[in-house]
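Residue numbers for the sequence shown follow this note's numbering, beginning at 1 and rising by one.
Encoded as structure tokens, the structure appears first; notes follow it.
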Amino acid sequence: MANTFANDAAEFDSTAGVAQRPARKTGVAGFFAGISARFARASQRRVDNEVGQFLADHGGQLTDDLERQISRKFGNQPGNW
1 MANTFANDAA
11 EFDSTAGVAQ
21 RPARKTGVAG
31 FFAGISARFA
41 RASQRRVDNE
51 VGQFLADHGG
61 QLTDDLERQI
71 SRKFGNQPGN
81 W
């Protein structure tokens, strides 16, 4: 059986701090922040799926050339949100 224990973060380093979750927005701001986050996650899933399909269509092995093609095709370009 493994021994586990937790120490106070301050014991390890004087600059250590305990990570805290950011305060959650409420009201209208929270509503729109939630919608915005959902759109961002959906967009990222779409791009991830397209890159995965592109990779599968081109042999499934990530090479330098294929990585370059993916960067050109799916990279952040001005005006391409």
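Note that beta-carbon positions come from the ideal geometry of N, C-alpha and C, so glycine has one too.
Which of helix, strand or coil does DSSP assign to residue i?
i   : result
Q44 : helix
L62 : coil
G52 : helix
G75 : coil
Q90 : Residue numbering for the chain in the displayed model covers 1 to 81; residue 90 lies beyond these limits and cannot be assessed.
M1  : No answer about M1 holds up, because its pLDDT of 47 lies below 50 and its placement is not dependable.
F32 : helix
When you compare the CB of residue i with every CB in chain B, is at least one pair closer than 7 Å?
i   : result
Q61 : Looking at the structure shown, chain B is missing, and only one protein chain is on hand.
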